[in-house]
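As structure tokens, the structure follows; a few thoughts come after it.
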Amino acid sequence: MAASRDAAQQAAQTVGPVPLVDAIRDAITSGDFGPNQRLVEAELSEQFGASRAAVRNVLVQLAGEGLVERIQNRGARVRAVSLEEAIEITEVRMSLEGLCAAKAAERATEDDRRALREIGRKMQDAVATGDVLGYSDLNRQLHALILAVSGQRTACDVLERLRGQNVRHQFRLAMHPGRPHVSLPQHLDIIEALCDADPESAEAAMRRHLRSVIDALPEVERPQPRRVSGG
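All residue numbers for the sequence shown refer to my numbering, where the first residue is -10 and numbers rise by one.
Listed below in structure tokens is the structure:
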């Protein structure tokens, strides 16, 4: 029991104002540490200014979250998620985010609706100007706002973990040529249903959007032919 408490306290060490576990988790989910990258305790200890024992316990915790893979006698590395698993994760998201969209439609205040419409307007501007990174960030903001408004804390916790596992596939999809033009009308349909306080339409629109993501993932992950430069 005491050992368990010690591990939790070590994982809770901070990097500045941020708990160590959150700092390393964010480095993985933001792509700073890539798939299959080795996570060396001594290097992480120096990078984050924490003890090796604290780093070791964080890696154990993140392995439990599915972000890290621990290999016997070889240490730890960022776990790579296959296309098949990415599709499964998105199928789970489709159910949970559909539920959250329905709940958000029931709970949204006028301030929430204004924020949703503002994100929708900015998304249209980003697509019109070709701002792919800006659109990707607004996409993240929209989904996060819907989850927050829904009040579904359990679903939000599960979805946050799944988002971290699937970050590489999400980023590649966001950067895929033409994807914003496909997803923009889907997002606007979600926003419209939320602002109309229509739970059934909001859930259906969210599920259609994530079904589109599932359909697009195999194309995004397909190896692209290498260009041969002319001489």
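In this text, a Cβ means the ideal position worked out from N, Cα and C, and glycines have one as well. Only a predicted model underlies this, so the values are computations on that prediction, with no experimental measurement involved.
Local conformation of residue i per DSSP, three classes
i: A65; result: strand
i: P207; result: helix
i: P174; result: helix
i: P222; result: Only positions -10 to 220 of the chain appear in this structure, which leaves residue 222 out of reach.
i: N155; result: coil
i: G220; result: Low per-residue confidence applies at G220: pLDDT is 37, beneath 50, and the placement is therefore not dependable, though the value from the model is reported in the following sentence. Three-state DSSP puts G220 in coil, outside helix and strand.
Own chain partners of residue i with C-beta closer than 6 angstroms, once the 5 adjacent residues on each side are dropped
i: G55; result: Q154
i: I223; result: As shown, the chain starts at -10 and ends at 220. That puts residue 223 outside it, with no answer to give.
Identified DSSP bridge partners for residue i
i: E58; result: R66
i: P188; result: Note: P188 sits in no beta bridge, so no partner.
Cut-off 8 angstroms between Cβ atoms - residues of its own chain near residue i, not counting five sequence neighbours on either side
i: V44; result: L9, I13, E30, L33, S34 and F37
i: L51; result: V10, I13, R14, I17 and V57
i: H170; result: V116
i: R197; result: Q175 and D178
i: Q235; result: Because the chain here runs from -10 to 220, residue 235 falls outside it and cannot be looked at.
i: R96; result: V138, S139 and G140
For residue j and residue i, the rounded distance between their alpha carbons
i: D21; j: P188; result: 37 angstroms
i: R168; j: G23; result: 23 angstroms
i: D185; j: S139; result: 15 angstroms
i: E208; j: V147; result: 27 angstroms
i: R68; j: A42; result: 21 angstroms
i: D107; j: L177; result: Per the sequence shown, residue 107 should be read as Glu rather than Asp. Whole-angstrom Cα-Cα distance: 11 angstroms.
i: Q175; j: I203; result: 14 angstroms
i: G53; j: L199; result: 26 angstroms
i: A194; j: A163; result: 19 angstroms
7 angstroms Cβ shell around residue i - same chain, five flanking residues per side excluded
i: C145; result: L136
i: V47; result: A0, L9, V10 and I13
i: C89; result: I135, L136, S139, Q141 and A144
i: P214; result: Because the pLDDT at P214 is just 49, under 50, the model does not fix this residue reliably, and the point stays unresolved.
i: V81; result: L151
Proximity winner among the options, relative to residue i (alpha-carbon distances)
i: A16; options: L162, R66 and I60; result: R66
Contact test: residue i Cβ vs the ligand HEM heavy atom, cutoff 8 angstroms
i: V171; result: Among the components modelled here there is no ligand, and therefore nothing to report on the ligand HEM.
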